[in-house]
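Numbering (full-length UniProt numbering), first residue to last: 1 to 294.
Laid out in structure tokens, this is it:
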């Protein structure tokens, strides 16, 4: 009986009490299949991903398309900025041209193209998306108008949340649209919570929470940073690593409606840590691997 008792105690003591975080497929599963393509999306959903994180840019005529790098030569058989090409021209490119598995370009020439955002939203009417605005040269005001119109036409408001490392894009989105807080703000709050034991979030009233569309934060579970210290006679800097802990999570969760997405969860150990902290979502590169974690 002793082995069974020991096993029971181990499970009991290590149970975090939190629900399993939802799996977010990074770029549709960038480690498994050609990223931001319909094929990757199909396979991510087959591998039980709950939400799709997709990168968007804008074509020459302002059509939102799925693509991440600044130059088309990084992933396709073309070159140049996405915004230099029309939608029709982008359709001629091989979106899987440089993707390989075990040094084999198994998808090259298979007709995998750059999809439009509208195609994807309409093709997967029951799927939730996090859309990462990557366009390096888009006008924020025009971009916001295009996305506003698209969301209304596709009636997809409830299943889309926007993210960007460029706060100027998030700032121009209409207030009714769900979006993540600017990355710099999240990093600042996280740094203070971990390194100074100082929570910089104010608890909001229930009335304010009811209409809040930006109660979302996303940041790496572990992030290397450089810490700058001020001294009497100057400044000094050193390398450090920000790692989420319960203190930080409690700070962000001071408002109950806040949702936390932890990025870079690519091992079972990190998934278990994210779960124990109470993360709502975890971003993974390989949905085919992550489906075995829960």
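Don't be surprised by glycine CBs; every beta carbon is placed ideally from N, CA and C.
*asked:* Please classify residue 3 as buried or exposed, where buried requires at least 16 other C-beta atoms within 10 Å of its C-beta.
replied: Here the model assigns residue 3 a pLDDT of 48, short of 50, so the residue's position is not dependable and the matter cannot be decided.
*What is the rounded straight-line gap between the Cα of residue 138 and the Cα of residue 174?*
Answer to the nearest angstrom: the Cα atoms are 17 Å apart.
_Under the three-state DSSP convention, the category residue 292 falls into_ = When DSSP states are grouped into helix, strand and coil, residue 292 belongs to the coil group.
_Any 3 or more C-beta pairs closer than 8 Å across the segment 18-28 and the segment 286-294_ = Output reads yes: the segment 286-294 touches the segment 18-28.
*Thinking C-alpha only, which one of 249, 172, 263 is nearest residue 257?*
That would be 249, whose Cα lies nearest to the Cα of residue 257.
*Output the distance between the C-alpha atoms of residue 61 and residue 153, rounded to the nearest integer angstrom.*
In this structure, the CA atom of residue 61 is about 18 Å from the CA atom of residue 153.
*Looking at residue 120 and residue 93, is the spacing between their C-beta atoms short of 8 Å?*
Cβ distance not < 8 Å, so residue 93 and residue 120 don't count as in contact.
*Which value, in whole angstroms, describes the spacing of the CA atoms of residue 263 and residue 182?*
Straight-line measurement puts the Cα of residue 182 at about 15 Å from the Cα of residue 263.
*Have a look at residue 332 and residue 110 and give me their C-alpha separation to the nearest angstrom.*
Lying before the first or after the last residue shown, residue 332 is absent from the chain, which here runs from 1 to 294.
*Across which residues does DSSP place residue 139 in a beta bridge pair?*
Answer by DSSP bridge pairing: none, since residue 139 is not bridged.
*asked:* Pairs of beta-carbons, one from the segment 117-137 and one from the segment 55-74, closer than 8 Å: are there three or more?
replied: Between the segment 117-137 and the segment 55-74 there are three or more inter-stretch CB-CB distances shorter than 8 Å, so the stretches are counted as touching.
*Given a threshold of 16 other Cβ atoms within 10 Å of its Cβ, counted over all protein chains shown, does residue 82 qualify as buried or as exposed?*
By the neighbour-count rule (16 or more Cβ atoms within 10 Å), residue 82 is buried.
*From residue 200 to residue 187, what distance separates their C-alpha atoms?*
Rounded to the nearest angstrom, the two C-alpha atoms are 11 Å apart.
*Measuring alpha carbon to alpha carbon, tell me which of 58, 104, 74 ends up nearest residue 88.*
Ranked by how close their Cα comes to the Cα of residue 88, the residues 58, 104, 74 have 58 in first place.
*If you follow the alpha helix (DSSP H) that residue 274 is part of, which residue opens it and which one closes it?*
For residue 274, the enclosing alpha helix (DSSP H) begins and ends at 268-277.
*Would you be able to state if there are at least three C-beta pairs under 8 Å between the segment 66-77 and the segment 141-152?*
These segments do not touch.
*For residue 55: DSSP bridge partner residues*: Under DSSP, the beta-bridge partners assigned to residue 55 are 132.
_Nearest to residue 167 (by Cα), restricted to the options 279, 180, 158, 159_ = For the residues 279, 180, 158, 159, the minimum Cα distance to residue 167 belongs to 180.
*Taking all protein chains shown into account, do 16 or more other C-beta atoms lie within 10 angstroms of the C-beta of residue 171, making it buried, or fewer, making it exposed?*
Result: exposed.
*N- and C-terminal bounds of the beta strand (DSSP E) containing residue 218*: Per DSSP, residue 218 is one residue of the beta strand (DSSP E) stretching across 216-220.
_Three-way DSSP call (helix, strand, coil) for residue 98 in this model_ = The answer is coil: DSSP assigns residue 98 none of H, G, I, E or B.
_Test item: CB-CB of residue 242 and residue 226 under 8 Å_ = Not closer than 8 Å, so no.
*Measure from the alpha carbon of residue 218 to the alpha carbon of each residue in 254, 261, 197, 194, then state which is nearest.*
Ranking the options by Cα distance to residue 218, first place goes to 261.
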